[in-house]
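The sequence shown begins at 92 in the numbering used here and counts up by one.
We put the beta carbon where it would ideally sit given N, CA and C, even for glycine.
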Amino acid sequence: MIQLQHETSLNKLAERRILVTGGAGFLGSEVVRQLSLLGAHVTIVDNLSSGKPEYINNLENVRLLKGDIRDLDLVAKVVKDHDLLIHMAALPFIPDSYHYPEDFFGVNVMGTVTVVWEAIKAEVVERLVHVSSSEVYGTAKYVPMDEKHPTLPHSTYAVSKLAADRAVFTLHKEHSFPVVLVRPFNSYGPNITQPYIIPEIALQLMYGNGYIRLGNVESVRDFTYMADTAKGIIKTLLTKQVIGEVINLGSGQGIKIGDLAFLLAKIAGKKVALEVDSSRFRPYDVEKLVCDNKKALRLLNWKPEVSLEEGLRRTLEWISRNTIRFKAPFKGWSAAYRQNMTY
Ligand SMILES: NC(=O)c1ccc[n+]([C@@H]2O[C@H](COP(=O)([O-])OP(=O)(O)OC[C@H]3O[C@@H](n4cnc5c(N)ncnc54)[C@H](O)[C@@H]3O)[C@@H](O)[C@H]2O)c1
């Protein structure tokens with residue numbers, strides 16, 4: 092459990108009115124849980140396209156408004172009652188973006204512009220934290236990847252996130268509106284909403300037949316436990332030096348997807364064989380992402396606290412106790428991602 096109560100500065104968030112878009116999602120629900128523990132008053136705007144109310148039920152001082160960030164009237168009405176805003180609502184699952192580019196640009200870019208612009212016009216929001224993604228960098232030109240790494244996004248998802256980043260940054264400059272851009276590298280843990288790689292491997296491990304079928308097992312990613320990522324995001328609400336800055340959040344350790352599968356199997360105490368399934372290869376895949384987290388350490392005093400082994404253990408444990416149902420706002424969402432299948 093993350094030791095929030097020992098961080099006196101975070102206690103300044105008690106009684107603050109904080110709006111979290113996408114707060115019923117995987118990362119959002121953890122951000123909201125930690126804010127609730129800190130005594131903040133949280134409003135979530137989430138259309139529940141992938142987020143789940145059960146992930147934020149029973150949290151104190153948390154209210155869910157089911158709605159879409161593209162709904163201008165709703166956003167305009169809700170922002171004016173808030174001091175701080177964390178914007179995380181997005182369509183985040185890369186393989187969907189190959190088939191639904193208009194939805195990805197509609198939500199991730201125009202939805203973001205709506206949220207930021209209404210926050211600026213409300214004239215009461217003291218700071219907006221925009222949750223971007225390491226995917227905007229594209230595959231590593233060098234590792235670890237700092238905030239000065241070139242942005243050469245590969246997928247439609249990544250391009251939409253980068254377009255949103257640029258819109259947020261430009262609106263910040265044009266209107267002197269305080270924003271922070273946070274770029275998490277891959278996060279994992281409980282409250283699963285999307286068939287990201289760790290849920291994918293874990294579910295095959297737990298419910299499969301001794302084989303793990305994956306695409307690019309050679310690709311390298313940097314995994315951070317969701318409670319650490321969430322804490323980093325929350326910390327950007329307070330520090331003055333991060334206004335107008337981009338901050339990477341990641342563990343700093345890269346691991347090949349194939350090795351990750353064997354590590355998960357070892358923790359689960361299972362023997363498995365790895366099978367490369369060419370139908371799972373992503374077009375124009377990102378080969379390597381490894382975070383340089385020195386700026387987060389310097390400006391936020393943030394570093395991850397949960398080791399990969401411990402985080403994976405917690406994730407497997409959570410999966411064994413919970414039913415997972417993936418859903419997406421798309422008609423005919425690829426059967427390969429097992430829409431409506433229940434674990
Ligand atoms: N999980 C990761 O590894 C990771 C890494 C980098 C960045 N991010 C970013 O973090 C944020 C959260 O992602 P996540 O992994 O928790 O995924 P998620 O799908 O669980 O969260 C997205 C949330 O936004 C909501 N949402 C989607 N479209 C919406 C709309 N039009 N209006 C209102 N709500 C809407 C969904 O219902 C969901 O609750 C996203 O911005 C994503 O790009 C995630």
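Closest by C-alpha distance to residue i, when choosing among the options
i: alanine 131; options: Gly349, Arg108, Glu217; result: Arg108
i: tyrosine 146; options: Leu163, Val123, Val136; result: Val123
i: leucine 340; options: Leu118, Val216, Arg218, Val111; result: Leu118
i: glutamate 378; options: Val333, Ala387, Asp313; result: Asp313
i: methionine 297; options: Thr112, Lys422, Arg404, Ala180; result: Arg404
i: valine 271; options: Glu366, Leu390, Ile415, Gly116; result: Leu390
i: asparagine 138; options: Glu106, Asp172, Ala105, Leu182; result: Leu182
i: leucine 104; options: Leu126, Met201, Ser120, Leu365; result: Leu126
i: lysine 331; options: Pro244, Asn152, Leu219; result: Leu219
i: isoleucine 283; options: Leu129, Lys385, Leu407, Leu165; result: Leu407
i: serine 140; options: Leu129, Asp159, Leu128, Arg154; result: Asp159
i: glutamate 226; options: Met179, Gly142, Asn152, Ile185; result: Ile185
i: isoleucine 324; options: Lys362, Pro395, Leu355, His266; result: Pro395
i: lysine 326; options: Gln285, Leu388, Asn307, Trp409; result: Leu388
i: asparagine 392; options: Asp187, Gly113, Ile338, Met236; result: Ile338
Cα-Cα separation, residue i to residue j
i: aspartate 376; j: alanine 249; result: 11 Å
i: valine 207; j: arginine 257; result: 12 Å
i: alanine 359; j: glutamine 295; result: 12 Å
i: glutamine 96; j: asparagine 102; result: At glutamine 96 the pLDDT is 40, less than 50, meaning the model places this residue with poor confidence and gives no usable figure here.
i: leucine 156; j: histidine 190; result: 29 Å
i: leucine 328; j: glycine 301; result: 45 Å
i: histidine 240; j: histidine 263; result: 21 Å
i: threonine 203; j: alanine 321; result: 19 Å
i: threonine 230; j: aspartate 368; result: 22 Å
i: glutamate 106; j: serine 120; result: 19 Å
i: lysine 357; j: leucine 305; result: 17 Å
i: glutamine 94; j: serine 370; result: Model confidence at glutamine 94 stands at a pLDDT of 44, short of 50, so the residue's coordinates are unreliable; what they give is reported in the following sentence. Approximately 43 Å between the Cα atoms of the pair.
i: tryptophan 424; j: arginine 373; result: 16 Å
i: asparagine 152; j: alanine 419; result: 28 Å
i: methionine 179; j: aspartate 350; result: 30 Å
i: methionine 92; j: proline 244; result: Low local confidence applies: a pLDDT of 43 at methionine 92 is under 50, so the model's placement there is unreliable, with the coordinate-based value given in what follows. Roughly 34 Å separates the two Cα atoms.
i: glycine 299; j: aspartate 319; result: 30 Å
i: lysine 386; j: alanine 255; result: 22 Å
i: serine 188; j: threonine 247; result: 6 Å
Residue i - DSSP class collapsed to helix/strand/coil
i: serine 342; result: coil
i: histidine 132; result: strand
i: glutamate 214; result: coil
i: phenylalanine 417; result: coil
i: histidine 263; result: helix
i: alanine 254; result: helix
i: histidine 178; result: strand
i: histidine 190; result: helix
i: lysine 168; result: helix
i: isoleucine 109; result: strand
i: lysine 435; result: Residue 435 is absent from the structure shown; the chain starts at 92 and stops at 434.
i: lysine 143; result: coil
i: lysine 379; result: strand
i: tyrosine 233; result: coil
Counterpart residues of residue i in DSSP-defined beta bridges
i: aspartate 313; result: Gly345
i: arginine 274; result: Asn339
i: leucine 365; result: Ile303
i: tyrosine 287; result: Per DSSP, none; premise fails for tyrosine 287.
i: valine 198; result: In the DSSP output, where bridge partners are listed per residue, valine 198 has none listed.
i: histidine 221; result: His178, Leu272
i: aspartate 137; result: Lys157
i: methionine 297; result: DSSP, once it has assigned bridges, lists no residue as partnering methionine 297.
i: tyrosine 279; result: Tyr316
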